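Report on the following structure.
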Amino acid sequence: MDPTFNIMDKKLYLVASLLIAMASSALAQQGNLLIKGGTVITITQGVKENTDVLIMDGKIAEIGKDLKATAGTRVIDATGQFVMPGIIDAHSHIGIDAVNEGTHPVTAEVNVGEAIDPFDIAIYRALAGGVTISHAMHGSANAIGGQCQTIKHRYGVLDPEAYKMQGAPRTIKFALGENPIRVHGEGQGIVPRTRMGVEQVFRSSFSEAKVYKKNWEDFRKGLTRLAPEYNLRMETLADILDGKILIHCHSYRADEILMLMNVLRDFGVKKICFQHVNEGFKVAPELAAFGASASVFADWWAYKFEVYYSTAYNAAILTKNGVVTSINSDSDELIRHLYHEAAKTQRYGGLNDDEALRLITLNPAIQLGIDHRVGSIEKGKDADLVIFNAHPLSIYAIPQLTIVDGIVYFDRNNDKADMRLEIDPEEKFDFKYYERWKEKDNCMQDVTETLFFGQQYHNSLHGH
Amino acid sequence: MRKIYPYRISAIIALLLTFSATQAQMVGKSERGPFLLKNATIHTISKGVMTGDVLIKDDMIAEVGPNLASGRSYTTLDCTGKHIYPGMIDLGTQLGLSEIESISVTNDFSEIGDVVPQMQALTAVNPNAVTIPVTRTNGITTVLVSPKGGRFPGTAALIDLHGYTPAQMDAGFRAVVMNFPSSGRRGRFDRRTDEDIKKDGEKAFKKLNEIWDDAVLYAKLDSAAQSQKATLPGYQPEMEALKAVVRKQQPLLIEVSKSTDIILALDWIKKTGVKAILTGVAEGYRVADKIAAAGIPVITGPVLDTPRRPYDKYDAPYTNAAQMMKAGVVVAIRSDEAENVRNLPFNAGFAAAYGMGIDEAYKAISLVPAQLLGMADRYGSIDVGKVANLFISNGDPMETKTTIEQVFIRGWKIPMENRHTLLYDEFLQRSPGK
Amino acid sequence: MKGFKYKEYLIIGLWMTAAIASSNGQDFKANVTRNFFIKDARVVQAPGMDAVLTSLRIKDGIIDEVGSHLVPFYNEKVIQADSQYVYAGFIDALSHAGIKKEEEKREERREGNRNASKGVANYEQSGITPQVSALSKISAKDASIADLRKSGFVLAQVFPRGRMVAGSSTLLSLGETDHEDKMVVSGQGAMLASFTPASGVAPATVIGVIAKFKELFKNTALYHDNELAYLKNPAGIKKPGYSEELAALVPLHKKMMNLYFMAPKSKDIFRAIELHKQSGYTFVLSDIQHLTPALSKIKSGGYSLVLSTQLPEEPKEEKKEKDNAEKKKEEKSVDKAPKSEEELALEKRKEESLQDYLGQAVLCEKNNISFAFGTASAKSGDVLKNIRRMVKAGLSEKAALSALTTTPAAMMQLSNRYGTIEKGKVASFVFFDKPMFDEKATVKQVWVEGTAYINEEKPKSESKAGEALIKPEGNWTYSAELPGQAQTGKFIFKKDGKSYSGNSTDDNSPGENFAMEDLVIDGNVVKFKIIVDPTNSITAYLELTFGTDNYSGTVTIDSMGSFAIKGNKISGPNF
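Chains as they are written, first to last, in my numbering: chain A, 1 to 464; chain B, 465 to 898; chain C, 899 to 1473.
This is the structure in structure tokens:
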């Protein structure tokens, strides 16, 4: 086989020059393209052989045979190639400068979207793995962590604001189990030190937010004359109670998953996506009944006690029990091959191609509340696409071209080695080398730095 | 459900019948042959692909060929439409040395001390580790378990993934592990200045040479003492453990990844004359010609890794193995994993896609590792006289969706259960349900 | 002493003790006259103007007349300017001059804060101290004031060092006085903010800092509203509680004060701009080192800027590498290899990046963005060198001088008194021996409010850098002027072959011996460091300028500041 199959004339369309052009513009661009003759995996409407996709102004304008584009539109010959929707990662920490504000069990006031790092090379590397959208998440140090940001991988735009997917619903990170217990109970000697404590953090925070909301309503109605203190944490919690923010909750064990669903039921909160949720398979019927979704690892387990009783068949069991499930990365490395991670559900549980690919396209889109815009190849949706040289679930498939809003952001045939956007003018090349350390879920980033320097630093280095 | 697991279902029945006897690994008992695997596509790896039968007697592959005669005591498995591959060999794991990564008392791969080559990985392998069935049911039959940590963290051992005692699993190979001094940053938390990194590296290199000089001296005095039928005044376990390395009776596994460090390591190997195998070698592609010229083999991996430098090409880890191979380096691929050694074939699959090709990639996780360790007479391919470490699959084992249907280790027919499959069987349709 | 910590005091005490009389500021000085006549100066009256040979009459610190046909009056002291180039004194728009680095030991602060807070931090722990005025932190004797003046600065907007909201500035005249109060030009200043997180408590990350800012903005407004509501009609409401911090922020809310926001890199700038949108305060984006990606937003937002005088270092000549290569021929086989294509490409990008950094001021000039310079994050010794590098990169001399004089003067509403050389303005100048942007130009004297400070000439050497022109080997006394008292001991230098080594002793703790590290002799300057306290890794950096029998210089101590040190030869190598 020849993995470096050429799909286009590289002289005509240089990604490099495109990137430079985009760098000068603060706003994200929208492009026009015609992708000819590929096998189009629509996700929602089956697989269409030898089919064209026309993109206009960053949207999918048409899907069909023998489509024509206006003169000057770039035409991509995808004969023999596979065109699928851009991959969506419902859990990652790339493209942000801060992950954990691990100073309190509740930090709903912080928002990682306010610290986007447009220069993060991990974004480009994710694009090279076909990922067009990721959910940049706060970490799992706190029971109620910070707000997250859905970003489009428009690598090359330099304005952090241009990475944000406009219109994507607000989301927030919650966390159960070992991490908040370790950081706050063990680390700071404050509640929670047990899973009992974690529950009470939710219940008391939500109750407090209700009082806060009432106080402000009274003031606004003129019932009181002095304005209450403004508290961004309470404001955010009140928005969660009002259903304005989707919850994405780091969780592992079955019991704690049930606990949070009970709490949410009591406070009238309906939307939740459980993240990692390694023991989700044990409570799949309850998740389905609640309407909760699940975003899981393909096969990570045994890196801590609460994932010891795990199974790589988790995604399959959840899917077959009617839970909307996605496969996520939570890792700079896994995000580079989520298509392969999704394929593992075929080895572990025998999902069919459609079911497997949904795990990294439409289902994460549903979980992020953006399924009306992305996640499948349909007329009117955002033109976020990836073209593979083989079926994307094959281990031998290589992403060739990744497109966001009709703009080509990754082109394997025009890939320079050094794709950094920011260069330290004093850098010494030989000291830019980093040894590998084993990456497990990255939800504990920053905590080690801010709270656990010294003795506990090494113990908590390996994430979770 | 699309996939059918005939072997697993029969094993579940066996499990139910003999529950008390299966407590140890919770996965059932292995069965003894002879086994005649009929009418399979046999990927010998050594001599190409053929259609035919494989006869397993005791520990060994007794016959390979078309239309082998069946004996009365033989258990025959119809493999029509199935594939037979030699078991995969992973030469870089902590399998069985680590149960739960975040709980330090369950981790047995890193002893106190920077120079502890006498620490034996085999001693700490837990034959009942829950990770072992998870690994072998994916077709990995043999792994090198390696200590990790300081300059000389211990002695690695090759094990077959079946047995109830370390001795039963022992495949007979040992090698001392050495971490070559690194001039790289240890990770993103490493805030040392460039100067400090340089200094630390130079200091560590100097220290390494001191240790080595001592080891050479010790080996020399030891030989002299033996010829005089005398004993050395003091017993030094560290030096004792390095004796075989100094005398070139045992290879030294040198973990090194940064290009400039690799060059230094090659110089060091030349100077000391050790029988070396380089491991890790993430930046091997930068200095592939030099490694090839030195004739030092390489165990690289993981392939599924991020580039080491921010300015590296995004696929550098994927193409590394192929680039080294094309330069003439003998390359084996490892997972560098503990609980997910099962991803070894996928590491090889990515290397295959990014330039290595399917045949060479599978070789890099079967025959090449065996050759590297000098054990190709017994491991690495489907050939008569080799240890019967092999598996039956419904396709290319590096393809993600392929199912590994039956594994044999040293002739034992391995139960295809593990924690993951058992949980699946229990919870797919939970009862009670809602 | 302000901000001087007892524990650190002890540590230093171990090294040097015993008092000597101060040599600085307390010497007798007869001020015979405050009227001066500066003759034959080449005066650049304002940015963009030519240097014109003219005279200046100074009366009581104010420029009385400027003209080429003036003659001195009887009561004036005549200063022969010898055709030196005279410019209006420079103004530092963002400075920490006079304020010691009070960098607490991180571990201690972290632990202290964590134990105190249990997850809840007060304003001070969070790094929100708007009530702090720079003046309360300034010490007139801090060597950094003289250092800044030596580079031509006469005025500095000095902000306290701090975290999120560090506090408000004091406008400081950089003359030599015995007390900081005498240096104050204006106490009413601007506020300084940054994205610096707290230590061990919230906000520990940049996202925590941003959230905290958003809350602060709202609560400041509410605080003000509540206060007004109460004043208007107190009936039926509880008196709003007093908050020192929020009260200090109200002037920002009322736009009576500017917020200087430190935003060194483009990401910081983007974030500061988002915060600006939320607050409505008047932002001055400050301490900027790299803005290129944010240029269009800065321009469209109409921001004025304070550019940092900090610039990346020029790539060093490969001299050292060569030496090493010769020494370690065997090991350096990699380094000797010709540069790979990859290395060349990386070097090219690095060079482009360097040029981009050098061109930041040029970008501002071309886009009509108003900017001043600030030295807060820079070494004062590098200021002029770096501004010349900017000029070399394309910045017009007019723009460069404006950024040092008229622009900061306007930003601080001082244009009627500072920024140009005109009748009625304050007599604060800087004298150069050549046009100031000439690479070889040096500051000869600086006038602050009518008082001249002469820059002593360093003996010039024709030697190449790195060559020793003196023979320090032998024993030398030292006395260092530390806060409160001075400390004495001995330096012993040895020469082994071509290289030098040395150690120091402390009169107060006989037997203790401190090795000199990184000892370098360059011309007549000797530099080295001494690890004073290895456990707390406190290091003293010394830089001594040697004569034949004596030397003088500075000792800079981690977390304390710079102090004068001097000494005499006791014995030579033959003793």
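We put the CB at the ideal spot given by N, CA and C, even for glycine. Predicted model, so just to flag it, every value in this text is computed and none were measured.
Let's see if you can read the secondary structure: which residues bound the alpha helix (DSSP H) around residue 289 of chain A?
In the first sequence, residue 289 of chain A corresponds to position 289, counting from 1. Counting along the chain, the alpha helix (DSSP H) containing residue 289 of chain A begins and ends at 284 to 290.
Consider the Cβ of residue 887 of chain B: report whether some Cβ of chain A lies at a distance smaller than 9 Å.
Within the second sequence, numbered from 1, the residue matching residue 887 of chain B stands at position 423. So yes, residue 887 of chain B belongs to the interface.
Among A/48, A/33, A/226 and A/29, which has the Cα closest to the Cα of residue 391 of chain A?
Translated into the one-based positions of the first sequence, residue 391 of chain A becomes position 391. Looking at the Cα atoms, A/48 is the closest of the given residues.
Quick check on residue 105 of chain A: buried or exposed, where buried means 16 or more other Cβ atoms within 10 Å of its Cβ?
Within the first sequence, the letter at position 105 stands for residue 105 of chain A. It counts as buried.
Quick one, which residues of the region 376 to 401 of chain A are near chain B if we go by CB-CB under 8 Å, in chain order?
Going along the region 376 to 401 of chain A in chain order, one finds 393, 394, 395, 396, 397 and 398 with a Cβ nearer than 8 Å to chain B.
Assign residue 806 of chain B to buried or exposed, taking buried as 16 or more other Cβ atoms, counted over all protein chains shown, within 10 Å of its Cβ.
Indexing the second sequence from 1 puts residue 806 of chain B at position 342. With 16 or more other Cβ atoms within 10 Å, it is buried.
I'd like to confirm the pairing. Which residues does DSSP put opposite residue 1071 of chain C in its beta bridges?
Within the third sequence, numbered from 1, the residue matching residue 1071 of chain C stands at position 173. Bridge partners of residue 1071 of chain C: C/1053.
Can you have a look at residue 1238 of chain C and say buried or exposed, based on whether 16 or more other CB atoms are within 10 angstroms of its CB?
Taking the third sequence and counting its residues from 1, one reaches residue 1238 of chain C at position 340. Residue 1238 of chain C is exposed by the Cβ-count criterion.
Could you list which residues in chain C have their beta carbon closer than 8 Å to that of residue 159 of chain A, in chain order?
Position 159 of the first sequence, counted from the first residue, corresponds to residue 159 of chain A. Neighbours of residue 159 of chain A on chain C, chain order: 1168, 1191, 1192 and 1195.
Between the C-alpha atoms of residue 69 of chain A and residue 55 of chain A, what's the straight-line distance to the nearest angstrom?
One-based indexing of the first sequence puts residue 69 of chain A at position 69. One-based indexing of the first sequence puts residue 55 of chain A at position 55. If you take the alpha carbons of residue 69 of chain A and residue 55 of chain A, they lie about 9 Å apart.
Go through the region 1280 to 1364 of chain C residue by residue and report every complete run of the beta strand (DSSP E) that reaches 3 residues or more, in order.
You should have 1327 to 1330, 1341 to 1346 and 1349 to 1352.
Taking the alpha helix (DSSP H) that residue 736 of chain B belongs to, which residues open and close that run?
Looking up residue 736 of chain B in the second sequence gives position 272. Here the alpha helix (DSSP H) through residue 736 of chain B covers 723 to 736.
Can you check DSSP and say which residues form a bridge with residue 955 of chain C?
Position 57 of the third sequence holds residue 955 of chain C. Answer is C/935 and C/963, bridged to residue 955 of chain C.
Quick check on residue 1404 of chain C: does DSSP put it in helix, strand or coil?
Residue numbering aside, residue 1404 of chain C sits at position 506 when the third sequence is read from its first letter. In this structure, residue 1404 of chain C counts as strand in the three-state DSSP scheme.
Hey, does residue 285 of chain A have any beta-carbon neighbour from chain B nearer than 9 Å?
Translated into positions along the first sequence, residue 285 of chain A becomes position 285. Yes, residue 285 of chain A counts as interfacial toward chain B.
Take the Cβ of residue 95 of chain A as the centre, count every other Cβ of all protein chains shown within 10 Å, and call the residue buried at 16 or more, exposed below.
Start at 1 with the first residue of the first sequence, and residue 95 of chain A comes out as number 95. Buried, by the Cβ-count rule.
Could I get the ranges of all uninterrupted beta strand (DSSP E) runs contained in the region 355 to 412 of chain A, with 3 residues as the minimum, in chain order?
Entirely contained in the region 355 to 412 of chain A, the beta strand (DSSP E) runs reaching 3 residues are, in chain order, 385 to 388, 399 to 404 and 407 to 411.
Who are the Cβ neighbours of residue 1034 of chain C in its own chain at under 6 Å, not counting the five residues just before and after it?
Within the third sequence, residue 1034 of chain C is the residue found at index 136, counting from 1. Result list for residue 1034 of chain C: empty, nothing under 6 Å.
Between residue 616 of chain B and chain A, is the shortest Cβ-Cβ distance under 9 Å, so that the two count as touching?
Translated into the one-based positions of the second sequence, residue 616 of chain B becomes position 152. So no, residue 616 of chain B is outside the interface.
Does the pairing of the region 183 to 195 of chain A with the region 116 to 124 of chain A give three or more beta-carbon distances under 8 Å?
In short, these stretches do not touch, since the Cβ pair count stays below three.
Smallest Cα separation from residue 1416 of chain C: which of C/1378, C/1117 and C/1391?
Taking the third sequence and counting its residues from 1, the one referred to as residue 1416 of chain C is at position 518. The shortest Cα separation from residue 1416 of chain C among C/1378, C/1117 and C/1391 belongs to C/1391.
Output needed in chain order: residues of the region 257 to 270 of chain A with a Cβ under 7 Å from some Cβ in chain B.
Cβ contacts with chain B come from no residue of the region 257 to 270 of chain A.
Which residues in chain A have a C-beta closer than 8 Å to the C-beta of residue 784 of chain B? List them in chain order.
As a first step, residue 784 of chain B must be located in the second sequence, where it is residue number 320. Simply none; closest approach about 12 Å.
If you follow the alpha helix (DSSP H) that residue 114 of chain A is part of, which residue opens it and which one closes it?
To locate residue 114 of chain A, count along the first sequence from 1; it is residue 114. Careful: residue 114 of chain A lies outside any alpha helix (DSSP H) and carries neither H nor E.
Run down chain C in chain order and give the residues with a C-beta less than 9 Å from the C-beta of residue 429 of chain A.
Locating residue 429 of chain A in the first sequence gives position 429, counting from the first residue. Near residue 429 of chain A (Cβ distances below 9 Å), the residues of chain C are 1240, 1241, 1244, 1245 and 1248.
Between which two residues does the beta strand (DSSP E) containing residue 556 of chain B stretch?
Reading the second sequence from its first residue, position 92 is the one you call residue 556 of chain B. Taken as a continuous stretch (DSSP letters only), the beta strand (DSSP E) holding residue 556 of chain B covers 552 to 557.
Give me the chain A residues within the contact set of residue 507 of chain B, using Cβ-Cβ distance strictly less than 8 Å, ordered along the chain.
The residue labelled residue 507 of chain B in the question sits at position 43 within the second sequence. Simply none; closest approach about 16 Å.
Quick one: does residue 768 of chain B have its CB under 9 Å from some CB of chain A?
Within the second sequence, the letter at position 304 stands for residue 768 of chain B. Yes - at least one Cβ of chain A is within 9 Å of the one on residue 768 of chain B.
Going residue by residue through the region 634 to 688 of chain B, where are the continuous beta strand (DSSP E) segments of at least 3 residues, counting only ones entirely within it?
Counting whole runs of 3 or more residues, the region 634 to 688 of chain B contains the beta strand (DSSP E) stretches 634 to 643.
Assign residue 345 of chain A to one of two classes, buried (16 or more other C-beta atoms within 10 Å of its C-beta) or exposed (fewer than that).
The sequence position of residue 345 of chain A within the first sequence is 345, counting from 1. Its Cβ being crowded by 16 or more others within 10 Å, residue 345 of chain A is buried.
Please classify residue 1216 of chain C as buried or exposed, where buried requires at least 16 neighbouring CB atoms within 10 angstroms.
For the purposes of this step, residue 1216 of chain C is taken as residue 318 along the third sequence, with counting starting at 1. Note on residue 1216 of chain C: pLDDT 49, under 50, position unreliable in the model; the coordinate value appears next. Under this definition residue 1216 of chain C is an exposed residue.
When you compare the CB of residue 963 of chain C with every CB in chain A, is at least one pair closer than 9 Å?
Here residue 963 of chain C refers to the residue found at position 65 of the third sequence. Taking Cβ atoms only, chain A never reaches closer than 9 Å to residue 963 of chain C, which makes this a no.
For a minimum of 4 consecutive residues, which ranges assigned as the alpha helix (DSSP H) are wholly contained in the region 187 to 224 of chain A?
Qualifying alpha helix (DSSP H) stretches, in chain order: 195 to 220.
Cβ of residue 219 of chain A less than 9 Å from any chain B Cβ?
Numbered from its first residue, the first sequence carries residue 219 of chain A at position 219. Output row for residue 219 of chain A: interface = no.
Could you check the C-alpha separation between residue 277 of chain A and residue 1198 of chain C for me, to the nearest Å?
Along the first sequence, one-based indexing puts residue 277 of chain A at 277. Along the third sequence, one-based indexing puts residue 1198 of chain C at 300. Looking at the two C-alpha atoms, the distance is approximately 46 Å.
May I ask you to list the residues that DSSP assigns as paired with residue 319 of chain A?
Your numbering for residue 319 of chain A matches position 319 in the first sequence. Note: residue 319 of chain A sits in no beta bridge, so no partner.
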